[in-house]
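*Asks:* In my numbering, the protein residues as written are 1317 to 1567. Note that beta-carbon positions come from the ideal geometry of N, C-alpha and C, so glycine has one too. Below is the structure I would like to discuss, written out as structure tokens.
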Ligand SMILES: N[C@@H](CCC(=O)N[C@@H](CS)C(=O)NCC(=O)O)C(=O)O
């Protein structure tokens, strides 16, 4: 009872003593922009996991994440995705995924609990951040976003250089991660595939068609989309629309 009074005093109405039940159910707030790759990945994962959340879209293009209010009350790093869950403010898509998994919210087939299987998925999640993610997003930013903001197109040499850096990682996906398996970390779809696919889909905006040069990635993307739909297409609506490259609805 003392603990409950303490929690109530500190604004935590969920922590009522056994039997009384919560009067006010605080929900998970999810802050995201579907133009952001990790935001889309987590959105798909939350939907596939049937996690209930309060929808908190943040329009990066309008600078909604740059306000003092966002910085103070939502995410001190002023980025998306991020969550507020029972008062906990948390940024970084992978940290959010692991937190929700630890709370039992993410099904095991998407993010395994058994340490050997989890290690394989974690290996990819750690690898992708400074390889696939960084090179795909720099390519997309330099060819699509920056020219939109500044009116200045990068030189052909720069485009070629960034393309080579990105393709060095796409080569690794094609020849190592997908060498023997249908999905990145085995024969089944996991969060690793969802995070990677969202990074690669972003390059549609920069007029890059990964499917031309990479047959394994092409077939894998189809499998990922089929395994995640309708959530995959819902999360990618704007990407398809803006790039004018919506895939065939029937696959
Ligand atoms: N490592 C972070 C990356 C977050 C991130 O870079 N978010 C971008 C959108 S993809 C953002 O909010 N950018 C806002 C800005 O740079 O002003 C994660 O995985 O969550």
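1) Under 7 Å from any heavy atom of ligand 1, does the C-beta of residue 1417 make it?
2) Should residue 1502 and residue 1414 be called a contact, given that it needs their Cβ atoms to be closer than 8 Å?
3) Any heavy atom of ligand 1 closer than 7 Å to the Cβ of residue 1408?
4) Are the CB atoms of residue 1426 and residue 1364 within a distance shorter than 8 Å?
5) Tell me residue 1371's beta-bridge partners as DSSP assigns them.
6) Three Cβ pairs or more, each shorter than 8 Å: is that satisfied between the region 1463 to 1481 and the region 1389 to 1407?
7) Fully enclosed by the region 1401 to 1472, which beta strand (DSSP E) runs are 3 residues long or longer?
8) Go ahead and label residue 1513 buried or exposed: buried means 16 or more other beta carbons lie within 10 angstroms of its beta carbon, across all protein chains shown.
9) How big is the Cα-Cα spacing for residue 1392 and residue 1452?
10) Determine the contact status of residue 1511 and residue 1373, defining contact as a CB-CB distance below 8 Å.
11) I want to check one thing, is the minimum distance from the CB of residue 1373 to the heavy atoms of ligand 1 below 7 Å?
12) Give a single yes or no on whether residue 1458 has its beta carbon closer than 7 Å to a heavy atom of ligand 1.
13) Do residue 1480 and residue 1447 have their beta-carbon atoms positioned less than 8 Å apart in this structure?
14) Does the Cβ-Cβ distance between residue 1490 and residue 1533 come in under 8 Å?
15) Helix, strand or coil for residue 1393 per DSSP?
16) Tell me which residue opens and which closes the alpha helix (DSSP H) that residue 1364 is part of.
17) Given this structure, state the Cα-to-Cα distance separating residue 1411 from residue 1470, to the nearest angstrom.
18) Please report the straight-line C-alpha distance between residue 1337 and residue 1343, rounded to a whole angstrom.
19) Among the residues of its own chain, which have a CB less than 6 Å from the CB of residue 1463, if the five just before and after it don't count?
20) Helix or strand or just coil, what does DSSP make of residue 1548?
21) Measuring from the CB of residue 1507, is there a heavy atom of ligand 1 at a distance below 7 Å?
22) Just how far apart, CA to CA, sit residue 1444 and residue 1487?
*Replies:* On the basis of the coordinates in this document:
1) For ligand 1, not one heavy atom lies less than 7 Å from the Cβ of residue 1417.
2) 8 Å or more divides the Cβ of residue 1502 from the Cβ of residue 1414.
3) It does: the Cβ of residue 1408 is within 7 Å (strictly closer) of some heavy atom of ligand 1.
4) It is a contact, given that the beta carbons lie within the stated cut-off.
5) BP columns for residue 1371 point to 1346.
6) Touching, no.
7) Runs found: 1404 to 1407.
8) Residue 1513 is buried by the Cβ-count criterion.
9) Going by the C-alpha atoms only, they are around 25 Å apart.
10) No, the pair does not count as a contact, with Cβ atoms beyond the cut-off.
11) Because no heavy atom of ligand 1 lies under 7 Å away, the Cβ of residue 1373 does not count as near it: no.
12) The beta carbon of residue 1458 sits no closer than 7 Å to any heavy atom of ligand 1.
13) With respect to the 8 Å criterion, residue 1447 and residue 1480 are not classified as neighbours on the basis of their beta carbons.
14) In this structure, residue 1533 lies closer than 8 Å to residue 1490 by Cβ.
15) Coil at residue 1393, not helix or strand.
16) Annotation: the continuous alpha helix (DSSP H) that includes residue 1364 extends over 1353 to 1364.
17) Rounded to whole angstroms, the separation of the alpha carbons of residue 1470 and residue 1411 is 34 Å.
18) In this prediction, residue 1337 has a pLDDT of 44, which is less than 50 and means its spatial position is unreliable; what the coordinates show is noted afterwards. Rounded to whole angstroms, residue 1337 to residue 1343 spans 15 Å at the Cα level.
19) Result list for residue 1463: 1469, in chain order.
20) The three-state secondary structure of residue 1548, taken from DSSP, is helix.
21) Incorrect: residue 1507 has no Cβ contact closer than 7 Å to ligand 1.
22) Answer to the nearest angstrom: the Cα atoms are 13 Å apart.
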